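J.: In our numbering, each residue's number is its place in the sequence shown (first place is 1) plus 5. No residue lacks a Cβ here, since even glycine has one placed at the ideal position from N, Cα and C. Just so you know, these numbers come straight off a predicted model, no measurement behind them. Got a structure for you, questions after.
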Amino acid sequence: METTENKKELLRGGQFLVKETKAEDVFTPEDFTEEQKMMRDSVKEFVDREIWPKKEEFEKKNYALTEEVMGKAGELGFLGVAVPEEYEGLGMGFVSTMLVCDYISGATGSIATAFGAHTGIGTLPILLYGNEEQRKKYIPKLATGEWFGAYCLTEPGAGSDANSGKTKAELAEDGKSYKINGQKMWISNAGFASVFIVFARIQDDKNITGFIVEYDKENPNGITFGEEEKKLGIHASSTRQVFFNDTVVSAENMLSERGNGFKIAMNALNVGRIKLAAASLEAQRRVTDVAVKYANDRVQFKTPIAKFGAIKLKLAEMATSAWVGEAASYRAAKNIEDRINLRLEAGESHSDAELKTFEEYAIECSILKVACSEDVQNCSDEGIQVLGGMGFSADTPMESAWRDARIARIYEGTNEINRMLAVGMLIKKAMKGHVDLLGPAQAVGEELTGIPSMDKPDFNELFAEEKNMIKKLKKVFLMVAGSAVQKFGQDLEEHQQLLLAASDILIEAYMAESAILRAEKNVNRFGEDSQKEQIAMAQLYLYHAVDIVNQKAKEGIASFAEGDEQRMMLMGLKRFTKYDRMPNVVELRNTIAEKLTSENKYCF
Numbered sequence: 006m007e008t009t010e011n012k013k014e015l016l017r018g019g020q021f022l023v024k025e026t027k028a029e030d031v032f033t034p035e036d037f038t039e040e041q042k043m044m045r046d047s048v049k050e051f052v053d054r055e056i057w058p059k060k061e062e063f064e065k066k067n068y069a070l071t072e073e074v075m076g077k078a079g080e081l082g083f084l085g086v087a088v089p090e091e092y093e094g095l096g097m098g099f100v101s102t103m104l105v106c107d108y109i110s111g112a113t114g115s116i117a118t119a120f121g122a123h124t125g126i127g128t129l130p131i132l133l134y135g136n137e138e139q140r141k142k143y144i145p146k147l148a149t150g151e152w153f154g155a156y157c158l159t160e161p162g163a164g165s166d167a168n169s170g171k172t173k174a175e176l177a178e179d180g181k182s183y184k185i186n187g188q189k190m191w192i193s194n195a196g197f198a199s200v201f202i203v204f205a206r207i208q209d210d211k212n213i214t215g216f217i218v219e220y221d222k223e224n225p226n227g228i229t230f231g232e233e234e235k236k237l238g239i240h241a242s243s244t245r246q247v248f249f250n251d252t253v254v255s256a257e258n259m260l261s262e263r264g265n266g267f268k269i270a271m272n273a274l275n276v277g278r279i280k281l282a283a284a285s286l287e288a289q290r291r292v293t294d295v296a297v298k299y300a301n302d303r304v305q306f307k308t309p310i311a312k313f314g315a316i317k318l319k320l321a322e323m324a325t326s327a328w329v330g331e332a333a334s335y336r337a338a339k340n341i342e343d344r345i346n347l348r349l350e351a352g353e354s355h356s357d358a359e360l361k362t363f364e365e366y367a368i369e370c371s372i373l374k375v376a377c378s379e380d381v382q383n384c385s386d387e388g389i390q391v392l393g394g395m396g397f398s399a400d401t402p403m404e405s406a407w408r409d410a411r412i413a414r415i416y417e418g419t420n421e422i423n424r425m426l427a428v429g430m431l432i433k434k435a436m437k438g439h440v441d442l443l444g445p446a447q448a449v450g451e452e453l454t455g456i457p458s459m460d461k462p463d464f465n466e467l468f469a470e471e472k473n474m475i476k477k478l479k480k481v482f483l484m485v486a487g488s489a490v491q492k493f494g495q496d497l498e499e500h501q502q503l504l505l506a507a508s509d510i511l512i513e514a515y516m517a518e519s520a521i522l523r524a525e526k527n528v529n530r531f532g533e534d535s536q537k538e539q540i541a542m543a544q545l546y547l548y549h550a551v552d553i554v555n556q557k558a559k560e561g562i563a564s565f566a567e568g569d570e571q572r573m574m575l576m577g578l579k580r581f582t583k584y585d586r587m588p589n590v591v592e593l594r595n596t597i598a599e600k601l602t603s604e605n606k607y608c609f
C-alpha cells in the first residue's frame with residue numbers, strides 16, 4: 006500500500022485535464038499483484054467451464070441457467086469481492102472489483118448484466134447508504150449469493166429523468182410502515198431477486214426516497230411481475246416489469262433518509278458506469294480472439310485472409326480499442342482505490358470513503374462508460390465483418406456479441422446523458438474551485454492572441470511528440486469549453502449539441518493519454534524492443550483521437566463563434582491538432598495485426 010504522503014499527490018476527479026500525469030504514476034494491467042492475477046485466472050477458468058460452453062443455452066433464454074451460474078459465482082466469492090469481510094465478503098480493493106467484473110462479463114451479456122446489476126446497483130445502495138442493522142441483515146446474503154438483488158428505479162414515464170417517478174409510498178397511521186404503489190420497468194434480475202431497492206415518492210416530496218423491499222414467492226406482499234421482456238440481446242438476463250400494489254414495507258427499511266433517493270440513485274450509477282466499462286473489455290478480447298483465429302484459418306484466393314491488408318486493419322483496430330480501454334479503466338480504478346484508502350486512513354467510515362470517492366471521480370466514470378461501451382459495439386461489428394457470412398450466423402458467437410453489446414450504450418444512463426454529465430460536472434467542479442479550469446483556459450486564450458513560437462521542438466525522444474499532442478488536445482477542450490462557458494454561462498446546459506461535441510474532446514484526451522502513459526510505463530520497465538506493438542496501439546489511438554477532436558472542435562466553434570473570434574479559434578485548432586511528424590498508420594496497423602496473427606489470439 007502506498008504511503009499517505011504519496012497518496013496526497015493523487016489527482017482529483019477531472020484534474021487530468023489541467024495537471025500532467027507521469028507514466029510512473031499510473032496503474033496498468035501489467036501492475037496486477039499476484040493475488041489479482043490469481044483472482045483473474047480463477048474467474049477466467051470459471052467462465053470457460055460454466056459459461057462459454059453453454060452460450061447457446063443463454064441465447065435460448067434459459068433464465069434458470071443464469072440464476073444457477075450466479076449462485077455458483079456466489080459460492081466462489083465473486084459476488085462479494087467489494088464487500089467488507091465483516092459482511093462475509095472478500096474485502097478486496099476496487100481494482101480487484103473491476104478485474105472480476107471485467108473477466109466474468111465477456112462470454113455472454115446475460116451474465117454480465119445479472120452480475121453487474123446484483124453486485125452494483127443491487128447491493129451497493131445498502132452497503133453505502135444502509136444503517137448497520139440493514140447491512141448486517143442483507144449484505145451477507147447478497148455477498149454469498151443466498152439472495153439476489155435488483156434495483157427498481159425506471160418507470161414508464163421516468164427514464165433519464167429518474168426523479169420524475171410516480172411510484173408512491175404512503176406512511177401508515179401508526180408510523181411503523183409504508184404502503185408502496187406503482188410500476189417499475191426494465192428491472193434486471195427481477196425474475197429471481199429476493200431484495201429490491203425501490204424508489205418511491207412520499208406525498209409531494211421534491212425528491213424520491215429509497216426503500217429495501219423483500220420478496221418471497223410464498224408471501225408476495227402485493228408484488229407481481231410482467232412477462233420476461235423480449236429483447237434484442239442479453240436474452241437470458243431476467244428483465245421484467247415489477248408492480249407494487251399496497252406492498253407493505255417497514256419504516257425501518259427506508260434507505261438513508263427521506264428524500265435522499267435521487268442522490269442514492271445517482272451515486273450508485275457512478276459505480277455502475279465504471280464497472281460497465283470493465284464489463285466491456287473481456288468481450289472485446291474474446292471477440293478479437295475469435296476473429297483472429299478465423300482470419301488465420303479462412304483461406305481465400307489461396308491465402309489466409311489474415312494476410313490481407315483490409316483484414317489487418319480490422320484486427321488492429323479491434324485489439325487497440327480493447328487495449329486502450331484497459332489502460333484507461335484500470336488507471337481510473339486505481340485512482341479510486343487509492344483515494345478510498347486515503348479517506349480510510351483519515352478515519353472516515355468505509356461507506357463515506359467510497360461514496361465521496363465515487364462522487365469525486367464521476368467525470369472519469371462517465372468518460373469510461375461512453376468510450377468502452379461504444380468500443381465494444383464497434384469491435385463486435387467488425388468481428389462480424391471479419392467472419393463475413395459466418396459472422397451473421399447464430400452458429401458463431403459474433404452475432405450474439407453484437408446484440409449483447411447494444412444495451413451498454415443505454416443503461417447506467419444513456420451515452421448522450423453521460424457525455425453531457427461529464428462536461429457539466431467538470432464545469433461545476435471548476436466553479437467550486439475543485440479543478441482550476443479558469444487559469445489554464447485564460448492561458449490558452451492568451452496563446453491564441455500571442456505570436457506563435459517559431460522554435461522547432463525536439464521530438465526525437467520516444468513519445469515526446471505524442472505527449473505534446475495530448476497537451477494540445479487538452480488546450481482544444483479548454484479553448485472550446487472556456488469560450489462556450491463565457492458566451493452562454495449558466496445557459497450552457499441548454500446547448501446540448503455543443504456539450505456533446507465538447508465531451509468527445511474530453512473523452513479522447515483522457516483515453517489517448519491513458520494509452521500513451523501505459524505504453525511509456527511499459528517501455529520504461531520492459532524495454533522498447535518488447536513493446537513495439539503496444540507503442541503502435543498507443544500511437545494509432547492517438548492518431549484517431551486527433552481526428553475526432555479536430556472534427557468536434559470545428560463543429561463547436563462553427564456553432565457559437567463568428568467573425569474574427571471564429572477565425573482565431575479555427576487557426577488555434579489547426580495549430581493544436583498539427584503533427585510535426587505524421588505517423589505511418591498502415592505500418593502501425595500491420596505491426597499490431599501481425600503480432601495478433603502470429604500469436605493466434607488477443608495477446609496483449
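Report the partner residues of Ala558 according to the DSSP bridge assignment.
T.: The residue labelled residue 558 in the question sits at position 553 within the sequence shown. Per DSSP, none; premise fails for Ala558.
J.: When you compare only the Cα positions, how much space is there between Lys526 and Ala283?
T.: If you number the sequence shown from 1, residue 526 lands on position 521. If you number the sequence shown from 1, residue 283 lands on position 278. Approximately 21 Å between the Cα atoms of the pair.
J.: Given 8 Å as the limit, is there contact between the segment 24 to 37 and the segment 515 to 532, that is, 3 or more CB pairs closer than that?
T.: Yes, since at least three Cβ pairs between the segment 24 to 37 and the segment 515 to 532 fall closer than 8 Å, the two stretches touch.
J.: When the Cβ atoms of the segment 88 to 106 are set against those of the segment 340 to 359, are three or more pairs found closer than 8 Å?
T.: Touching, yes, given that three or more Cβ pairs across the two stretches are closer than 8 Å.
J.: Where Met459 and Phe581 are concerned, what is the direct C-alpha to C-alpha distance, given to the nearest angstrom?
T.: Locating residue 459 in the sequence shown gives position 454, where the first residue counts as 1. Locating residue 581 in the sequence shown gives position 576, where the first residue counts as 1. For Met459 and Phe581, the distance between alpha carbons rounds to 14 Å.
J.: List the whole-angstrom C-beta distance separating Ala198 from Ala155, where the pair is believed to meet the contact cut-off of C-beta under 8 Å.
T.: Locating residue 198 in the sequence shown gives position 193, where the first residue counts as 1. Locating residue 155 in the sequence shown gives position 150, where the first residue counts as 1. Going by Cβ atoms, the distance from Ala198 to Ala155 rounds to 4 Å, so yes, they are a contact pair.
J.: Under 8 Å, do Pro161 and Met190 count as touching if we go by C-beta distance?
T.: Position 156 of the sequence shown, counted from the start, is the residue given in the question as residue 161. Position 185 of the sequence shown, counted from the start, is the residue given in the question as residue 190. In contact: Pro161 and Met190 (Cβ atoms closer than 8 Å).
J.: Closest by CA to Asp477, which one among Arg530, Gln491, Ala448?
T.: Along the sequence shown, read from residue 1 onward, the residue named residue 477 stands at position 472. The amino acid occupying residue 477 in the given sequence is Lys; Asp does not appear at that position. That would be Ala448, whose Cα lies nearest to the Cα of Lys477.
J.: Ignoring anything shorter than 4 residues or poking outside the segment 259 to 321, list the alpha helix (DSSP H) runs there in chain order.
T.: As far as the segment 259 to 321 is concerned, its whole alpha helix (DSSP H) runs of at least 4 residues are 266 to 284, 286 to 302.
J.: In this structure, how does DSSP classify Leu133 when only helix, strand and coil are distinguished?
T.: Translated into the one-based positions of the sequence shown, residue 133 becomes position 128. Of the three classes helix, strand and coil, the one that applies to Leu133 here is helix, per DSSP.
J.: Would a C-beta distance cut-off of 8 Å place Arg594 and Leu545 closer than the cut-off?
T.: Indexing the sequence shown from 1 puts residue 594 at position 589. Indexing the sequence shown from 1 puts residue 545 at position 540. Contact: yes.
J.: On a Cα-Cα basis, can you pick out the residue from Pro445, Gly196, Glu513, Glu466 that is closest to Thr244?
T.: The residue you call residue 244 lines up with position 239 of the sequence shown. Considering only alpha carbons, the answer is Gly196.
J.: From Leu129 to Ala469, what does the alpha carbon distance come to, in whole angstroms?
T.: Along the sequence shown, read from residue 1 onward, the residue named residue 129 stands at position 124. Along the sequence shown, read from residue 1 onward, the residue named residue 469 stands at position 464. Going by the C-alpha atoms only, they are around 42 Å apart.
J.: Below 8 Å, can you find three or more Cβ-Cβ pairs linking the segment 104 to 124 to the segment 55 to 74?
T.: Touching, per the Cβ criterion.
J.: Which residue marks the beginning of the alpha helix (DSSP H) containing Lys480, and which one marks its end?
T.: The residue you call residue 480 lines up with position 475 of the sequence shown. 469 to 493 is the span of the alpha helix (DSSP H), which, as asked, contains Lys480.
J.: State the Cα-Cα distance for the pair Asp209 and Asp496, rounded to the nearest angstrom.
T.: Within the sequence shown, numbered from 1, the residue matching residue 209 stands at position 204. Within the sequence shown, numbered from 1, the residue matching residue 496 stands at position 491. Roughly 28 Å between the two C-alpha positions.
J.: What residue range does the alpha helix (DSSP H) around Arg523 cover?
T.: Taking the sequence shown and counting its residues from 1, one reaches residue 523 at position 518. Here the alpha helix (DSSP H) through Arg523 covers 501 to 531.
J.: Would you mind working out which of Glu331, Glu219, Glu287, Arg290 sits nearest Met255, comparing C-alpha positions?
T.: Within the sequence shown, residue 255 is the residue found at index 250, counting from 1. In the sequence as presented, Met is not what sits at residue 255; that position holds Ser. Ranking the options by Cα distance to Ser255, first place goes to Glu219.
J.: In this structure, how does DSSP classify Cys672 when only helix, strand and coil are distinguished?
T.: Beyond the ends of the chain as shown, which are 6 and 609, falls residue 672; an answer cannot be given.
J.: Provide the residue span of the alpha helix (DSSP H) that contains Lys433, from first to last.
T.: The residue given as residue 433 occupies position 428 in the sequence shown. Where Lys433 is concerned, the enclosing alpha helix (DSSP H) stretches over 420 to 437.
J.: Smallest Cα separation from Ser334: which of Leu158, Ala376, Ser169?
T.: Here residue 334 refers to the residue found at position 329 of the sequence shown. Nearest of Leu158, Ala376, Ser169 to Ser334, Cα basis: Ala376.
J.: Between the alpha carbons of Ala517 and Lys42, how many angstroms are there, rounded?
T.: Taking the sequence shown and counting its residues from 1, the one referred to as residue 517 is at position 512. Taking the sequence shown and counting its residues from 1, the one referred to as residue 42 is at position 37. Approximately 26 Å, taken between the alpha carbons.
J.: What whole-angstrom Cβ distance do Asp107 and Leu286 have, given they're in contact under 8 Å?
T.: By one-based count along the sequence shown, residue 107 stands at place 102. By one-based count along the sequence shown, residue 286 stands at place 281. Rounded, the Cβ-Cβ distance is 5 Å, consistent with contact.
J.: Could you give the distance in angstroms between the alpha-carbon of Arg414 and the alpha-carbon of Asn136?
T.: Translated into positions along the sequence shown, residue 414 becomes position 409. Translated into positions along the sequence shown, residue 136 becomes position 131. In a straight line, the C-alpha of Arg414 is about 33 Å away from that of Asn136.
J.: Considering Ser255, what are the terminal residues of the beta strand (DSSP E) in which it resides?
T.: For the purposes of this step, residue 255 is taken as residue 250 along the sequence shown, with counting starting at 1. Residues 244 to 255.
J.: Quick check: what's the CA-CA separation for Ile625 versus Ala311?
T.: Since the first and last residues shown for the chain are 6 and 609, residue 625 lies out of range.
J.: Which term fits Ile239, buried or exposed, when burial requires 16 or more other beta carbons within 10 angstroms of its beta carbon?
T.: The residue labelled residue 239 in the question sits at position 234 within the sequence shown. It counts as buried.
J.: Just to confirm the assignment: which complete alpha helix (DSSP H) runs, minimum length 4, are found wholly within the segment 74 to 103?
T.: Whole alpha helix (DSSP H) segments, 4+ residues: zero.
J.: Using the three-state DSSP reduction, which class does Gln188 fall into: helix, strand or coil?
T.: By 1-based counting over the sequence shown, the position of residue 188 is 183. If DSSP states are grouped into helix, strand and coil, Gln188 belongs with the strands.
J.: Using a 10 Å radius around the Cβ and a threshold of 16 neighbouring Cβ atoms, would you call Leu147 buried or exposed?
T.: Taking the first residue of the sequence shown as 1, we reach residue 147 at position 142. That one is buried.
J.: If you run the structure through DSSP and keep just helix, strand and coil, what is Thr9?
T.: In the sequence shown, counting from the first residue as 1, residue 9 sits at position 4. Model confidence at Thr9 stands at a pLDDT of 39, short of 50, so the residue's coordinates are unreliable; what they give is reported in the following sentence. DSSP places Thr9 in helix when its eight states are reduced to three.
J.: Which residue or residues does DSSP assign as beta-bridge partners of Gly18?
T.: Locating residue 18 in the sequence shown gives position 13, where the first residue counts as 1. Paired residue(s): none; Gly18 is not in a bridge.
J.: Measuring straight from C-alpha to C-alpha, what distance separates Lys12 and Gly352?
T.: Translated into the one-based positions of the sequence shown, residue 12 becomes position 7. Translated into the one-based positions of the sequence shown, residue 352 becomes position 347. With a pLDDT of only 44 at Lys12, under the threshold of 50, the placement of this residue in the model should not be trusted, and no figure is reported.
J.: On the premise that Gly79 lies in contact with Gly150, defined as a C-beta separation below 8 Å, what is that separation, rounded to the nearest angstrom?
T.: As a first step, residue 150 must be located in the sequence shown, where it is residue number 145. As a first step, residue 79 must be located in the sequence shown, where it is residue number 74. Correct: roughly 2 Å between the Cβ atoms.
J.: Can you name, in chain order, every residue of its own chain whose Cβ lies under 8 Å from the Cβ of Asn589, other than the five neighbours on each side?
T.: Position 584 of the sequence shown, counting from 1, holds the residue named residue 589. Once the five neighbours on either side are set aside, Asn589 has no close Cβ partner at all.
J.: Look up Phe120 in the DSSP assignment and say whether it is helix, strand or coil.
T.: As a working mapping, residue 120 is identified with position 115 in the sequence shown. Here Phe120 sits in helix by DSSP.
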